[in-house]
Amino acid sequence: MLLSKKKSLKALEIMLNSRYFENSISSLFQKKIMHGTTHLNIGQEACQAGLVLNLDENDWIVPTHRCHGYTLAKGSSIYKMFSEMFGSSHGLSKGLGGSMHMSDYNNHNPGGSAIVGSSVALAAGIAFSLKKNKSSNIAVAILGDGAISRGVVYESMNIASIWALPLLFYLENNGYGMSSNVSDMVSGNNICDRAKALNIKSISVDGNDVEKVYKAVHYARKYIIEEKKPFFIELKTYRLNGHSKSDSCKYRSRAEELAWLQRCPIKTFEKKLVDNKIASEEELKYISKSCESYILKEFDKADDVKDDYLDVCEIEEYVFDKSYCFDEFITSNTHRAFGRESIRQALLEEAIRDENVVLLGEDIGLYGGCFNVSGDLYKQIPNQIFETPVSEESFSNIAVGASFLGTRSIVEIMYGDFSTLISDALINHASKIRFMSGGQFNCPVVFRLPMGCGTGHGAQHSQSLESMFINVPGIKVVAPSSPRKAKALLKASIRDNNPVAFLEHKLLYNLEEEVGDENEIMSLSKASILKKGNDVTLISYGYSTNVCLKAIELINESKNRSDVVEMIDLNTLIPLDKNTILESVKKTHKVIIVHEAPLVGGFSGEISATICEDERAFSSLEKPILRLGGKSFPIPFSPSLERAAVPTVIDVFANINKVIE
Ligand SMILES: Cc1ncc(C[n+]2csc(CCOP(=O)(O)OP(=O)(O)O)c2C)c(N)n1
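For the sequence shown, my numbering begins at 11 and goes up steadily by one.
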């Protein structure tokens, strides 16, 4: 025997608790007492016990959708786990997460990711924070054999390797994805070769033998800490149940299932304990009985309060964290700066103010960033700048994972068009971790997204993609219109505890104006009235505000008046300052909304609905709302066509005239 009696019995207890918990979940689903779906890990318990027995309580794990056993083994309350399965407010995630998202901050577990493979990047983010904080702990990225086909897994393995992160890749090869056999889906015979190719040491181990698993993890953890490098373990195992509650397993034979049943990690370990005279059969029966009755007792406690749900009106609190407050401060102490400089100033000032602030992105070091925004920051804050490989999906999720330990990343995405590649981080993880964890985790990450056309970069480098984010609860969307606002709003975004999509129009970088000093900071919930007027309200955001301001100059000249147009610059799309819009509309009775993003599905639709839904604003309208937006074709390369793709000064001027006539 490799393990002492004490450790052996502890391993057995962990495995039995996991098995009894899963058995009761399975029967509750069969009796239709629980709703939704669940992924059981019956048969894979040795992987959980062998891992957790080696972990320090401050080591982190990021499980997958098949997360119960790890959550339980890491020390979470079984009563709270049952409660979470019921969706009750007593659950680990207050009933907001469910079977796949059992978060437990105190046990260093953010909960599983239901996006296969993404748990790996989140765990790499945690490992990144551990390393940055000079911690001696490790993170464990749990994944399945199905996940090994995801690109984000390789991106993360590569980053973990080049950054030497304290990360254990823990791959449970249970033979199948959902129904697909690993041999049909994964090329080559040896999964570990993939780690080897990325210069990560690896071993493959019998995942049904808890002692062998223990030994492998023991070695791996020591290696990660002493050699300061990641490690990869493949565990060969089998899930005895179907993929989820509704799987009849028609893709595998009963003979195969029976053969693996003979290798049940609990039964084989019990036999070994008896054969080696470590424990008697009576002793084992007693342990098994006490685990079973413990699980039942926890279930009964949860069952008593299973109908205690959060109220719908309480839920909002879990979407955005509102605890960090700062007062807006507009200074009279200003200096001239271009947009790229003002953003750089915000980055530097916030990084100096808070050592948790870090910058992540491609070529943001010596090169200075694609648009020379980071410039020579690499000299001023060398320990807070991290140049990444071209791996958007991974490093954006790394920023999310890092935020669980308090790191506040500002992620530079070279072109906002690559938002498509960070949508997993932003839409599936950053926006939801606070919610799915019942408020235990926040995600203070700013994604800087250079958007917009006018620079001749063609259709894949010129889009305005804000509509991708505004429809996702949990993301703030900020769109500055000028260098001064870019600085003050970026500072506020960095200090905010929520994920922010920060839309920087590329044409802002070359605008120059007076910019505030390090104390200036703007609220993330207030629009600005840039010009007071009486005849029409013009609403815009981002660079389009500048187009509108030029059109207003033309109107003022042609009418010889300066109070025709009331110009509202939104500053933030989410949250939206509805009040400023509605009050202005009630005064002017006419509205034009302008943006560069395509009109169809554009934010102007939301603003229009906001006005129409307010009885007083709607009834005060004297003309239909007029919307100007991008055309329904991709941004063309040809300069004149590029100009024609989005609203121009002349378009806005002509439409103001039309509306006020
Ligand atoms: C990105 C993504 N694609 C597809 C799915 C649907 N899905 C859920 S589990 C699963 C199989 C995962 O297999 P594996 O990684 O081996 O984990 P296991 O279920 O065997 O534990 C799939 C395809 C998903 N959740 N996420």
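Every residue, glycine too, gets a C-beta built ideally from N, C-alpha and C.
7 Å Cβ shell around residue i - same chain, five flanking residues per side excluded
i           : result
residue 366 : 416, 417, 418
residue 298 : 26
residue 99  : 105, 318, 319, 320
residue 159 : 195, 196
residue 81  : 73, 91, 112, 114, 119
residue 617 : 549, 591, 603
residue 364 : 418
First through last residue of the beta strand (DSSP E) which encompasses residue i
i           : result
residue 624 : Where residue 624 is concerned, there is no enclosing beta strand (DSSP E), given that its DSSP letter is neither H nor E.
residue 346 : 344 to 348
residue 440 : First-last for residue 440: undefined, no H or E at that position.
residue 640 : 636 to 640
residue 371 : 367 to 371
residue 605 : 601 to 608
residue 526 : 522 to 526
residue 214 : 211 to 216
residue 515 : 510 to 515
residue 430 : Premise fails: residue 430 lies in the alpha helix (DSSP H), 429 to 433, not in any beta strand (DSSP E).
residue 572 : Unbroken run through residue 572: none, as it is neither H nor E.
Ligand 1 heavy atom lying under 7 Å from the CB of residue i
i           : result
residue 182 : yes
residue 257 : no
residue 432 : no
residue 243 : no
residue 126 : yes
residue 49  : yes
residue 262 : no
residue 356 : no
residue 167 : no
residue 156 : yes
residue 112 : no
residue 108 : no
residue 247 : no
residue 76  : yes
residue 187 : yes
residue 439 : no
residue 696 : This structure cannot speak to residue 696, because the chain is shown only from 11 to 671.
residue 253 : yes
Residues near residue i in its chain [Cβ-Cβ closer than 8 Å; skip 5 each side]
i           : result
residue 256 : 47
residue 107 : 94, 101, 113, 121, 446, 447, 448
residue 15  : 288, 289
residue 649 : 466
residue 17  : 63, 224
residue 587 : 535, 536, 537, 580, 581
8 Å contact criterion, which residue i and residue j should meet: CB distance rounded
i           : j           : result
residue 603 : residue 590 : About 14 Å; that fails the 8 Å criterion.
residue 455 : residue 490 : Going by Cβ atoms, the distance from residue 455 to residue 490 rounds to 18 Å, so no, they are not a contact pair.
residue 574 : residue 670 : 7 Å
residue 127 : residue 182 : Between residue 182 and residue 127 the Cβ distance is about 13 Å, and since that is not below 8 Å, they are no contact.
residue 538 : residue 595 : About 16 Å; that fails the 8 Å criterion.
residue 484 : residue 461 : So it is not a contact: roughly 20 Å between Cβ atoms.
residue 452 : residue 434 : Actually they are not in contact, since the Cβ atoms of residue 452 and residue 434 sit about 19 Å apart, beyond 8 Å.
residue 54  : residue 341 : At roughly 59 Å, the Cβ-Cβ gap does not stay under 8 Å, so residue 54 and residue 341 are not in contact.
residue 180 : residue 61  : 6 Å
residue 543 : residue 576 : 4 Å
Test: residue i CB closer than 8 Å to a CB of chain D
i          : result
residue 29 : Looking at the structure shown, chain D is missing, and only one protein chain is on hand.
Residue i beta carbon near ligand 2 (any heavy atom closer than 7 Å)
i           : result
residue 153 : In the structure shown, ligand 2 is absent; the only ligands present are ligand 1.
Range covered by the alpha helix (DSSP H) that runs through residue i
i           : result
residue 228 : 220 to 237
residue 662 : 659 to 670
residue 653 : 649 to 654
residue 44  : Careful: residue 44 lies outside any alpha helix (DSSP H) and carries neither H nor E.
residue 565 : 554 to 569
residue 62  : 55 to 62
residue 183 : Unbroken run through residue 183 is the beta strand (DSSP E), 177 to 183; no alpha helix (DSSP H).
residue 419 : Run containing residue 419: none in the alpha helix (DSSP H); it sits in the beta strand (DSSP E), 418 to 422.
residue 579 : Taken as a continuous stretch (DSSP letters only), residue 579 belongs to no alpha helix (DSSP H), being part of the beta strand (DSSP E) at 575 to 579.
residue 192 : 192 to 195
residue 401 : Careful: residue 401 lies outside any alpha helix (DSSP H) and carries neither H nor E.
residue 595 : 588 to 598
Own chain residues within Cβ distance below 6 Å of residue i, not counting five before or after
i           : result
residue 533 : 338
residue 266 : none
residue 657 : 604, 638
residue 464 : 517
residue 413 : 453, 454, 455
At what residue ranges does the segment 98 to 173 contain a whole run of the alpha helix (DSSP H), taking only runs of 4 or more? 128 to 142, 161 to 172
Could I get the ranges of all uninterrupted alpha helix (DSSP H) runs contained in the segment 258 to 328, with 4 residues as the minimum, in chain order? Counting whole runs of 4 or more residues, the segment 258 to 328 contains the alpha helix (DSSP H) stretches 264 to 272, 275 to 285, 291 to 314, 322 to 325.
Please give the ranges of any alpha helix (DSSP H) in the segment 436 to 491, keeping only runs that are unbroken, at least 4 residues long and fully inside the region. 443 to 446, 477 to 480
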